[in-house]
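Engineer: I'd like to ask you about the structure that follows.
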Amino acid sequence: MDGDSNLRILSLLDQKNYIHLYPLDIREEIARHLKLMELYPGKDSNYSLSDEKIYFPINAVFALTAPLSDGASTLVRFLGARDSFGVRPLSPYGKIEYRIELACGGHALVMPDHKFWEIFSRALKKNEVVSFIYSIWVMTSFTNGTCAASHNSTQRLMRVLLSAQDAAPKKSGVHLTHEKLSKYLNCRRETVSDTLKYFCDLGAIEMTRGVIKIVDIEKCESLSCLCYRAIRDFDDKIYNDSRSILSEVKL
24 MDGDSNLRIL SLLDQKNYIH LYPLDIREEI ARHLKLMELY PGKDSNYSLS DEKIYFPINA
84 VFALTAPLSD GASTLVRFLG ARDSFGVRPL SPYGKIEYRI ELACGGHALV MPDHKFWEIF
144 SRALKKNEVV SFIYSIWVMT SFTNGTCAAS HNSTQRLMRV LLSAQDAAPK KSGVHLTHEK
204 LSKYLNCRRE TVSDTLKYFC DLGAIEMTRG VIKIVDIEKC ESLSCLCYRA IRDFDDKIYN
264 DSRSILSEVK L
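As structure tokens, this is what we get:
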């Protein structure tokens, strides 16, 4: 890519994306390997590491899910413009199993994962970066497990809607079907439909042509469990703490 293309790609990334926390020389090196990709819903692809790429979502939203012992899966988190993925977290017990699927179509920047690690193999503080990735996974997974065991489907559904809205492009609403929501919550589709109607009747959300729009954020947060705010505050803390680490990464 030429210099102008690099600048255009960098400008597409959300200003709060983790890539903006790296020094300029790192960002420029990454940008040289990025390609813009348009992604469409409906294709049942696993983006976790199946194609050996690193993804930087722009306006696409991905869902990270983890398997349950009964063969079903549960939503861990949504991945939007702040996030990147393709780096499988490691634990003392080996690789953590998860699946990443496209929740809402859109665009993402993509680069080969071997190029990404080639850059970081020459960088300082690589281990600290990886430990941050693992800490996010552990905290989110622990909160999700507690949430599923302690809170009802109404609270959990609102938490999912708020989290999806945070990951989605501004003012675009939540583009998730009732079927996908039931899958992420591991509950019946009818439960999701009835609960969404209840939220509409309360004036918390609006639904038009498959788009769910949050219209009263305070009411929505009051209907959600406290896990939503806990995870959001944790994400903000990790992002702010990452500044001191990633800003000092050097090639």
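Using my numbering, read the sequence shown as starting at 24 and increasing by one per residue. Don't be surprised by glycine CBs; every beta carbon is placed ideally from N, CA and C.
(1) Classify lysine 193 as helix, strand or coil using the three-state DSSP reduction.
(2) In three-state terms, what does DSSP make of alanine 227?
(3) Using C-beta distances below 7 Å, list every residue in its chain close to alanine 190, excluding the 5 sequence neighbours before and after it, in chain order.
(4) Is serine 205 helix, strand or coil when you go by DSSP?
(5) Spatial neighbours of tyrosine 116 within its chain, please: C-beta separation below 7 Å, excluding the five flanking residues on both sides.
(6) Sorted by chain position, which residues of the same chain lie with C-beta nearer than 7 Å to proline 90's C-beta, five sequence neighbours on each side aside?
(7) Alpha carbons only, please: which of Arg212, Ala54, Ala86 and Asp106 is nearest the one belonging to phenylalanine 79?
(8) Quick one: what's serine 96 bridged to in DSSP?
(9) When you compare the region 157 to 177 with the region 48 to 67, are there three or more beta-carbon pairs, one atom per stretch, that lie closer than 8 Å?
(10) Taking the beta carbon of serine 114 as the centre, do at least 16 other beta carbons fall within 10 Å, making it buried, or is it exposed?
(11) From this set, Glu213, Ile235, Val99 and Gln188, which residue's C-alpha is nearest glycine 168's C-alpha?
(12) Using CA coordinates, which residue listed in Phe143, Thr200 and Asp264 is at the minimum distance from leucine 125?
(13) State the beta-bridge partners of glutamate 124 as determined by DSSP.
(14) Could you check whether isoleucine 228 and leucine 184 sit closer than 9 Å to each other, using their CB atoms as the reference points?
Structural biologist: Reading from the atomic positions:
(1) coil
(2) coil
(3) Val84, Phe101, Leu102 and Gly103
(4) helix
(5) Note that tyrosine 116 scores a pLDDT of 46, beneath 50, so its modelled location is shaky; the value from the coordinates is reported in the next line. If we look at tyrosine 116 and ignore the five residues flanking it on each side, it has no Cβ neighbours.
(6) Ser96 and Glu120
(7) Asp106
(8) Pro90
(9) no
(10) Any reading at serine 114 needs caution, since the residue's pLDDT is 49, under 50, leaving its predicted position unreliable; the model's value is listed next. Answer is exposed; the Cβ neighbour count stays below 16.
(11) Val99
(12) Thr200
(13) Ala86
(14) yes
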